[in-house]
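To keep things clear, I will list the structure first and then write my remarks on it.
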Amino acid sequence: MLLVLVRHAHAGSRDPIHCADDTLRPITDRGRSTQLVISQYLRECDIVPTTIFSSPWLRAIQTAELLAQSFHDATEPAIVECPPLAATPNLRVIARAVGKQSDQATLAFVGHEPWLGQFAAALLTGSASAMELDVPKSGVIGIEASRIGRGKGTLRFFVRPSMSRPK
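The numbering of the sequence shown is my numbering, which starts it at 7 and goes up by one.
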């Protein structure tokens, strides 16, 4: 299966006065436009998720919604809130949340740094701390794996937002 790890789009700065709860910080107009470009780029590359698992934090949900909307004329993927994506990654917990999936499935995971990079590192190397991956906002990592487990993945692509913009 293909695991597509997406960092949430650009959100407003942390502001304890206007948004005391960091989990409720929304994405910005800039974040929205960048994510739309990334989502379209994934579609053009025929990377169409069957399901999108998202951190329950607002900016991740908004990013997942933009990702899903870009496939509106295909089978729009379901968005499933996955609380383990809002914390240090535990692959067993994430695998349980995801459940049994087809080998042909393309699953997207929308989350946050540093946890998303640690999730990728654990899939690729077996250890969340074995390598440091800095996933930029709206960045995407594609990992092929037979299942969600430590060291079970192979890196297929890493897309930074700047790579998807037309020249």
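Note that CB positions come from ideal geometry on N, CA and C, so glycine has one too. Being a predicted model, the structure only gives us computed values, none of them experimental.
Buried or exposed, going by whether 16 or more other CB atoms sit within 10 Å of the CB of residue i?
{"i": "A84", "result": "exposed"}
{"i": "G105", "result": "exposed"}
{"i": "R13", "result": "buried"}
{"i": "S61", "result": "buried"}
To the nearest angstrom, how far is the alpha carbon of residue i from that of residue j?
{"i": "T40", "j": "R156", "result": "31 Å"}
{"i": "N96", "j": "C51", "result": "29 Å"}
{"i": "T29", "j": "G148", "result": "26 Å"}
{"i": "Q124", "j": "T81", "result": "30 Å"}
For the alpha helix (DSSP H) holding residue i, just list the boundary residues, first then last.
{"i": "E71", "result": "L64 to Q75"}
{"i": "A126", "result": "W121 to T131"}
Please state the DSSP three-state secondary structure of residue i.
{"i": "K173", "result": "Confidence in K173 is poor, its pLDDT being 47 and thus under 50, which makes the residue's placement unreliable; the coordinate value appears in the next sentence. In this structure, K173 counts as coil in the three-state DSSP scheme."}
{"i": "R166", "result": "coil"}
{"i": "T29", "result": "helix"}
{"i": "S60", "result": "strand"}
{"i": "A103", "result": "helix"}
{"i": "L44", "result": "It should be noted that the sequence gives Ile, not Leu, for residue 44. Note: I44 maps to helix in three-state DSSP."}
{"i": "L139", "result": "coil"}
With a cut-off of 8 Å, does the C-beta of residue i fall near any C-beta of chain B?
{"i": "H16", "result": "Protein chain content of the structure displayed is limited to a single chain, and chain B is not contained in it."}
Determine, using beta-carbon pairs with one atom in the segment 108 to 116 and one in the segment 61 to 75, whether at least three such pairs fall under 8 Å.
yes
Counting Cβ pairs closer than 8 Å, one from the segment 84 to 94 and one from the segment 135 to 151, do we hit at least three?
no
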